[in-house]
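Below is one structure, written out as structure tokens; the observations come after it.
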Amino acid sequence: MTDPKDTINIENVVASTGIGQELDLQSVAMDLEGADYDPEQFPGLVYRTQNPKSAALIFRSGKIVCTGAKSTDDVHESLRIVFDKLRELQIQVNEDPEIVVQNIVTSADLGRNLNLNAIAIGLGLENIEYEPEQFPGLVYRLDEPEVVALLFGSGKLVITGGKKPEDAEHAVDKIVSRLEDLGLLE
Amino acid sequence: RLRKWQERIRTKDAGERNLQFALSEIDRMASALGVPRSVREVASVIYRQALSNDLIRGRSIEGVATSCLYAGCRQEGIPRSLEEVTEVSRVGKKEIGRTYRYIAKELSLEMKPADPKEYVPRFCSDLEVSEEVKMKAIEIIDESAEQGLLSGKSPTGFAAAAIYAASLLCNEKKTQREVAEVAQVTEVTIRNRYQEQIEAMGLN
DNA sequence: AGCTTACTTTGTAAAGC
DNA sequence: GCTTTAAAAAGTAAGCT
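If you read the protein sequences in the order shown, they are chains A and B. Residues 1 to 186, numbered by this note's numbering, are exactly what the first sequence covers, in order. Residues 1001 to 1204, numbered by this note's numbering, are exactly what the second sequence covers, in order.
Put into structure tokens, the structure is as follows:
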């Protein structure tokens, strides 16, 4: 039996940071190759890194949001590239800006099909949201860790809202044991 | 003090007018959908509960009224799909769905997902098929749901496919297009669900 | 009948309307 | 509440050949 924990894969990491310096996004947009900046539509400038792949949202305040990285290491590497690009434009960037992971999206596989109708009733209709007419996944909010899990009929799941990789592991353990207790797995 | 008093009356009148508007909208939409009076009453009760729990603030009256009607239909066991309620409402499907989920959660309505079988009588009478087709469709839904094919699938598409399959089995063939139209799903969805159900019934 | 593209859901920060 | 970004899950839908 494959431990569902071993199937966990980080799909997206969102983090925030700041260079500690105000920016003139108009000029940054002019000098930074590949930058997308449309202040009418959104106040942030979008800059994409290729290796690792990510998208950074750079704001006038100097605060930055990095999304799309596949690991916390990739977040740091992506932001290092962004910092260096800004330095190339003669912009002062703090030594080691603090990088805070805000959300980690993970996928996993329980390895067996799930009867979502039975799970909805078993876990308690008051704790879940399952509206197959609107979305095929069952939404399950956990208190500890504080994450949200989307369970699918295939047994695959998505866990989001966590701030560290262990949150997803703990969530998978709890989900597996609850489903086993209810006799809804295997 | 006089001013406060007038304001209270103004607020009370406005609130009363809003409630009357909401209830008349529920009535209008219920008539357009052809649901029985019991559903309008349940929907009205849910709307008043939403009102007393202050769930309307920040949302459109029409959106809440439509969501309450959608919830009422399901609670009464004669569901209308979001597509169907959207057709008679002045707000979009996305807002109705979102408002419905919010109200259901806040009022602890604990709604079970709609059962595809609940759509069979209405779809079948719209298609003018026999009682035999209706029973066969229900049999197909029961069997394929038992085999776990229902998880994540839309109840209307599941019901539509079963009715299409049943019409073939009973030699009262309805086209995918005809079934798709009454169920408000695409022919592609019927085809996909139909294939799985036929396999589950061991009829392929 | 496919294939492609796109939208539905979840969470999260950023600045501003 | 909205706007934008990213990614997964699976279902549904629409457009094109």
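For glycine and all other residues, C-beta sits at the position ideal for the given N, C-alpha and C.
Between A/N115 and A/I19, the gap from beta carbon to beta carbon reaches 7 Å or more.
Looking only at B/E1143, B/A1180 and B/R1177, the smallest Cα-Cα distance to B/I1198 is reached by B/E1143. Chain-ordered listing is empty here: chain B has no CB closer than 8 Å to the CB of A/Y37, the nearest sitting near 29 Å. Nearest CB-CB separation between A/Q41 and chain B: not below the 7 Å threshold. Short of 6 Å from the beta carbon of B/A1043, and not among the five residues preceding or following it, lie these beta carbons of its own chain, in chain order: I1026, C1068, L1069 and G1072. Excluding the 5 residues flanking it on each side, A/T2 has same chain C-beta neighbours closer than 7 Å at G111, in chain order. By the Cβ rule, the stretch 158–173 of chain A counts as touching the stretch 99–107 of chain A, because three or more pairs are nearer than 8 Å. Annotation: A/I119 to A/L184 spans about 7 Å, alpha carbon to alpha carbon. For A/I64, the uninterrupted beta strand (DSSP E) run begins and ends at K63 to A69, by DSSP. By the beta-carbon neighbour count (other beta carbons within 10 angstroms, threshold 16), B/P1155 is buried.
Assignment of B/G1015 by DSSP, reduced to helix, strand and coil, places it in the helix class. Of all residues in the stretch 1151–1172 of chain B, only S1151, G1152, K1153, S1154, P1155 and T1156 come within less than 8 Å of chain A when Cβ atoms are compared, listed by chain position.
Contact with chain A is absent for B/S1067, since none of that chain's Cβ atoms lies less than 7 Å from the residue's Cβ.
Sequence-ordered contacts of the stretch 1112–1142 of chain B with chain A read K1112, P1113 and A1114 [C-beta pairs closer than 8 Å]. In the structure shown, B/Y1164 falls within a helical segment according to DSSP collapsed to helix, strand and coil.
With contacts defined by Cβ atoms closer than 7 Å, A/A55 and A/L45 do not form a contacting pair.
Using a Cβ distance threshold of 7 Å, A/G153 and B/S1125 do not count as a contacting pair.
Only buried fits A/P97, as 16 or more other CB atoms lie within 10 angstroms of its CB.
Just measuring C-alpha positions, the residue of A/T160, A/G162 and A/E22 sitting nearest A/Q90 is A/E22. Put simply, the backbone Cα of B/I1140 is about 7 Å away from that of B/M1201. Within chain A, the residues placing a beta-carbon under 8 Å from that of B/S1081 are E133, ordered along the chain. Less than 7 Å divides the Cβ of A/P132 from the Cβ of B/P1113. For the set B/A1014, B/Q1176, B/L1082 and B/A1065, the Cα lying nearest the Cα of B/I1103 is the one of B/A1065. Minimum Cα-Cα distance from B/R1080 among the listed residues B/T1175, B/E1131, B/Q1147 and B/A1032 corresponds to B/A1032.
In this structure, the straight-line span from the alpha carbon of B/L1168 to that of B/V1120 is close to 16 Å. When secondary structure is reduced to three states using DSSP, A/R141 falls in the strand class.
Of the other Cβ atoms in all chains shown, fewer than 16 fall within 10 Å of the Cβ of A/P43; this residue is therefore exposed.
Nearest to A/E40 by alpha-carbon distance, out of A/L25, A/G68, A/R48 and A/G124, is A/L25.
Residue state for B/R1080 is assigned as coil, using DSSP reduced to three classes.
If you draw a 10 Å sphere on the C-beta of B/R1074, you find 16 or more other C-beta atoms in it, and that means buried. Among the residues facing chain A, B/E1110 is included, as its CB has a counterpart in that chain under 7 Å away.
Under the 10 Å beta carbon count, A/N117 is surrounded by 16 or more other beta carbons and is classified as buried. In this structure, the CA atom of B/R1193 is about 26 Å from the CA atom of B/R1098. Scanning chain A for C-beta atoms nearer than 7 Å to the C-beta of B/R1101 yields E129 and E131, reported in chain order. Secondary structure of A/V176 (DSSP, three-state): helix.
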